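Student: One structure, pasted below without further comment.
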C-alpha cells in the first residue's frame, strides 16, 4: 500500500477547476461528523433535494482497501444521521497530508440514500457500481489550472492579426474551420453548456434540476475528474446529456508542444470512450485560451472547438441578481451559454434562466442540437 501512495504524483484538480487566487464564494453549510479523518463535510440543495459531500484524508497506514471502505461507510452513516433530509452522500478520500484537490483520490463513492443499506453492508469495495478505488495510476506532472473569461488567442504575434480576422469572420458565420462561436440566429435554439464536470457535490444536484426541467445540456468534462468519478459520467449519459472534451488535466494549452496538446485531448477522449463507448465530437479549451496549434490539433483529432456567446462569470462569486442579469442580457437565438457545474448560485439561478428563455420562445439544449438547428 505504501507503494501505491508513493506512486501518486501531485495532479491537477479532481473536483473541477480552481482559480490561481481564491475567488469570493458563499460558504457551504456544514455537516458535523465525529471522524478525525474528515477535512470537510458540506451539503447543498437545489430546491428539491439535498446532497452531502465528505472530504477525508488518511495516513499511509490506513490506506488499505478494507480500511478505506470502512472509513467511507462510517462517513456515509454519519452524514445521513447528521442530516436526515440528505438524498445522497458523495465522498472522496485522499492521502495525507491533503494540500488541495491536486492529488488523485484513493477512493470515491456516491451513495443515494435508497442504496445506503447496500453500501453499508459491503465487505469489500467490489460489487458496488458507484465506487472507485485508485488503481495506482501515476501521472507525469501537475499543470496549471485556469479560469474561463473569454476566448483568447495566445499564439505568436505574427499570426495575431490573421487570427483576429479569422475569429471575426467565424463569429459572423457561427461555424468555420472546425470552430463554433454561435448557432443560427434565425433559429430559436440556445446551447446550454457546463464546464469542469463532474463534481461530487454539484453534479447530482444539477442533473436533478435539468431532469425536472426536461432539458439536455452539453458537459465539457475534465478527463481527470471522469477518471475519479466514473459513475457521474454514466449518470450524465444515461440522462441524455452530451459530453465534450475539456482536456485531461484542465491545463493552459497555448505554448505547449503539439504532442503535449494532442496527449491532453486524446487522454480525455480515451477516458470518455472507455466509460461511455462514445468519442466526443466537441472540445472547449480551458479558459478559452488557444493558439493556432491548439485549434489545428483539435481539428486533426476530429474535434470541433466550441466557444460561447454568454459567459456570466458564475465562478466569480457573483450575487444572484447580477448573475441573473448577465445571463439574460446575452440571451439570444443561436447563443451558447457557458456555466460551471461547481457553483452554488448557478444552481439557484438556473430555473429562473430557463423560465426566461422559454418566455422568449427559446429552446435550451446541447451543442449538437445547436449545430443541427443551423441546417
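Numbering (full-length UniProt numbering), first residue to last: 1 to 375.
Even glycine gets a Cβ: it sits at the ideal position worked out from N, Cα and C.
Computed from a prediction, not measured in an experiment: that's the story for all the values here.
1) Return the bridge partner residues of residue 90 from the DSSP annotation.
2) Quick one, which of 374, 90, 277, 334 has its alpha-carbon nearest residue 237's?
3) Is the segment 55-75 in contact with the segment 211-220, if contact means three or more CB pairs nearer than 8 Å?
4) Please go through the same chain and pick out, in chain order, the residues whose beta-carbon is closer than 6 Å to the beta-carbon of residue 301, but skip the five residues on each side of it.
5) For residue 84, does the count of other Cβ atoms within 10 angstroms reach 16, so buried, or fall short, so exposed?
6) Look at the Cβ atom of residue 26, then the Cβ atom of residue 344, and state whether they are nearer than 8 Å.
7) In angstroms with no decimal places, state the Cα-to-Cα distance between residue 324 and residue 366.
8) Once DSSP output is grouped into helix, strand and coil, what is the label at residue 83?
9) Among the candidates 195, 72, 316, whose CA atom is the shortest distance from the CA of residue 123?
10) Measuring CB atoms only, is the segment 205-213 touching the segment 341-356, in the sense that at least three cross pairs come out at less than 8 Å?
11) By DSSP, does residue 259 sit in helix, in strand, or in coil?
12) Please classify residue 39: does DSSP put it in a helix, a strand, or coil?
13) With distance defined between alpha-carbon atoms, name the residue in 203, 205, 332 nearest to residue 184.
14) Can you tell me which of 256, 192, 275 puts its alpha carbon nearest to the alpha carbon of residue 228?
15) Does the distance from the C-beta atom of residue 209 to that of residue 350 stay below 8 Å?
16) Considering only residues of the segment 302-333, which uninterrupted beta strand (DSSP E) runs meet the minimum length of 3 residues and lie entirely inside it, listed in chain order?
17) Which same chain residues end up closer than 8 Å to residue 29 when comparing Cβ atoms and leaving out the 5 residues on each side of it in sequence?
18) Between residue 268 and residue 247, is the Cβ-Cβ spacing less than 8 Å?
19) For residue 334, count the other beta carbons within 10 Å of its own beta carbon; 16 or more makes it buried, fewer makes it exposed. Which is it?
20) What is the residue span of the alpha helix (DSSP H) that residue 225 lies within?
21) Taking 7 Å as the cut-off, does the CB of residue 284 come closer than this to any heavy atom belonging to the ligand HEM?
22) Is residue 362 buried or exposed, if buried means 16 or more other CB atoms sit within 10 Å of its CB?
23) I need the DSSP call for residue 253, collapsed to helix, strand or coil.
24) Does the beta carbon of residue 257 come closer than 8 Å to any beta carbon on chain D?
25) Looking at residue 92: is its Cβ nearer than 8 Å to the Cβ of residue 52?
26) What is the DSSP secondary structure of residue 72, reduced to helix, strand or coil?
27) Could you check what DSSP says for residue 61 in three-state terms: helix, strand or coil?
28) According to DSSP, simplified to helix, strand and coil, what is residue 26?
29) Taking only the alpha-carbon atoms, compute the straight-line gap between residue 306 and residue 47 and give it to the nearest angstrom.
30) Buried or exposed, going by whether 16 or more other CB atoms sit within 10 Å of the CB of residue 110?
31) Which first and last residues belong to the beta strand (DSSP E) in which residue 245 is found?
32) Classify residue 248 as helix, strand or coil using the three-state DSSP reduction.
33) What are the boundary residues of the beta strand (DSSP E) that includes residue 365?
34) I need the straight-line Cα distance from residue 201 to residue 76, nearest angstrom please.
35) Grouping DSSP H, G and I as helix and E and B as strand, with all else coil, what is residue 278?
36) Assuming the contact rule is C-beta atoms closer than 8 Å, residue 322 and residue 191 should be a hit. Round their C-beta distance to whole Å, please.
Tutor: In short, the structure shows the following:
1) In the chain shown, residue 90 corresponds to position 90, counting from 1. Answer by DSSP bridge pairing, in chain order: 53, 110.
2) Sequence index remark: in the chain shown, residue 237 carries index 237 (1-based). Taking only the C-alpha atoms, the option nearest residue 237 is 277.
3) Per the Cβ contact rule, the segment 55-75 is not in contact with the segment 211-220 (fewer than 3 Cβ pairs under 8 Å).
4) The residue you call residue 301 lines up with position 301 of the chain shown. Result list for residue 301: 265, in chain order.
5) Indexing the chain shown from 1 puts residue 84 at position 84. Classification of residue 84: exposed, given that the 10 Å Cβ count is below 16.
6) What you label residue 26 is simply residue 26 of the chain shown in a count that begins at 1. What you label residue 344 is simply residue 344 of the chain shown in a count that begins at 1. In contact: residue 26 and residue 344 (Cβ atoms closer than 8 Å).
7) Translated into positions along the chain shown, residue 324 becomes position 324. Translated into positions along the chain shown, residue 366 becomes position 366. In this structure, the straight-line span from the alpha carbon of residue 324 to that of residue 366 is close to 21 Å.
8) Residue 83 sits at position 83 when you count from the first residue of the chain shown. Three-state DSSP puts residue 83 in coil, outside helix and strand.
9) Numbered from its first residue, the chain shown carries residue 123 at position 123. Ranking 195, 72, 316 by Cα distance to residue 123 puts 72 first.
10) Counting C-beta pairs with one atom in each stretch, the segment 205-213 and the segment 341-356 have three or more that are closer than 8 Å, which means they touch.
11) As a working note, residue 259 is residue 259 in the chain shown. The DSSP-derived three-state label of residue 259 is helix.
12) As a first step, residue 39 must be located in the chain shown, where it is residue number 39. In the structure shown, residue 39 sits in a strand (DSSP, three-state: E or B).
13) The count along the chain shown starts at 1 and reaches residue 184 at position 184. Residue 184 has its Cα closest to that of 332, out of 203, 205, 332.
14) The residue you call residue 228 lines up with position 228 of the chain shown. For residue 228, the nearest C-alpha among the options comes from 275.
15) Counting from one through the chain shown, the residue named residue 209 turns up at place 209. Counting from one through the chain shown, the residue named residue 350 turns up at place 350. Yes, these two residues count as a Cβ contact at 8 Å.
16) For the segment 302-333, whole beta strand (DSSP E) runs of length 3 or above, ordered along the chain, are 304-306.
17) Stepping through the chain shown from its first residue, residue 29 is reached at position 29. Non-local beta-carbon contacts of residue 29 in its own chain, meaning distances under 8 Å to residues more than five positions away in sequence, involve 42, 43, 44 in chain order.
18) Along the chain shown, read from residue 1 onward, the residue named residue 268 stands at position 268. Along the chain shown, read from residue 1 onward, the residue named residue 247 stands at position 247. Going by beta carbons, residue 268 and residue 247 fall inside the 8 Å limit.
19) Translated into the one-based positions of the chain shown, residue 334 becomes position 334. Residue 334 should be labelled buried.
20) Numbered from its first residue, the chain shown carries residue 225 at position 225. Start and end: 223-228.
21) The model depicted lacks the ligand HEM and carries no ligand whatsoever.
22) Sequence index remark: in the chain shown, residue 362 carries index 362 (1-based). Buried, because 16 or more other Cβ atoms sit within 10 Å of the Cβ of residue 362.
23) Here residue 253 refers to the residue found at position 253 when the chain shown is read from its first residue. Note: residue 253 maps to coil in three-state DSSP.
24) Among the chains in the structure shown there is no chain D, since it carries only a single protein chain.
25) Here residue 92 refers to the residue found at position 92 of the chain shown. Here residue 52 refers to the residue found at position 52 of the chain shown. Not a contact, by the Cβ cut-off of 8 Å.
26) Translated into positions along the chain shown, residue 72 becomes position 72. It is helical.
27) Reading the chain shown from its first residue, position 61 is the one you call residue 61. Taken through DSSP and simplified to helix, strand or coil, residue 61 comes out as helix.
28) Taking the chain shown and counting its residues from 1, the one referred to as residue 26 is at position 26. Of the three classes helix, strand and coil, the one that applies to residue 26 here is coil, per DSSP.
29) Against the chain shown, residue 306 aligns to sequence position 306. Against the chain shown, residue 47 aligns to sequence position 47. Spanning the two alpha carbons is a distance of roughly 31 Å.
30) Numbered from its first residue, the chain shown carries residue 110 at position 110. Flag for residue 110 reads buried.
31) Translated into positions along the chain shown, residue 245 becomes position 245. Per DSSP, residue 245 belongs to the beta strand (DSSP E) from 242-245.
32) In the chain shown, residue 248 corresponds to position 248, counting from 1. The answer is coil: DSSP assigns residue 248 none of H, G, I, E or B.
33) As a working mapping, residue 365 is identified with position 365 in the chain shown. Residues 363-365.
34) Here residue 201 refers to the residue found at position 201 of the chain shown. Here residue 76 refers to the residue found at position 76 of the chain shown. Between residue 201 and residue 76, the C-alpha separation is close to 14 Å.
35) What you label residue 278 is simply residue 278 of the chain shown in a count that begins at 1. The answer is coil: DSSP assigns residue 278 none of H, G, I, E or B.
36) Taking the first residue of the chain shown as position 1, residue 322 is located at position 322. Taking the first residue of the chain shown as position 1, residue 191 is located at position 191. Contact between residue 322 and residue 191 is absent: CB atoms are separated by about 23 Å, not below the 8 Å threshold.
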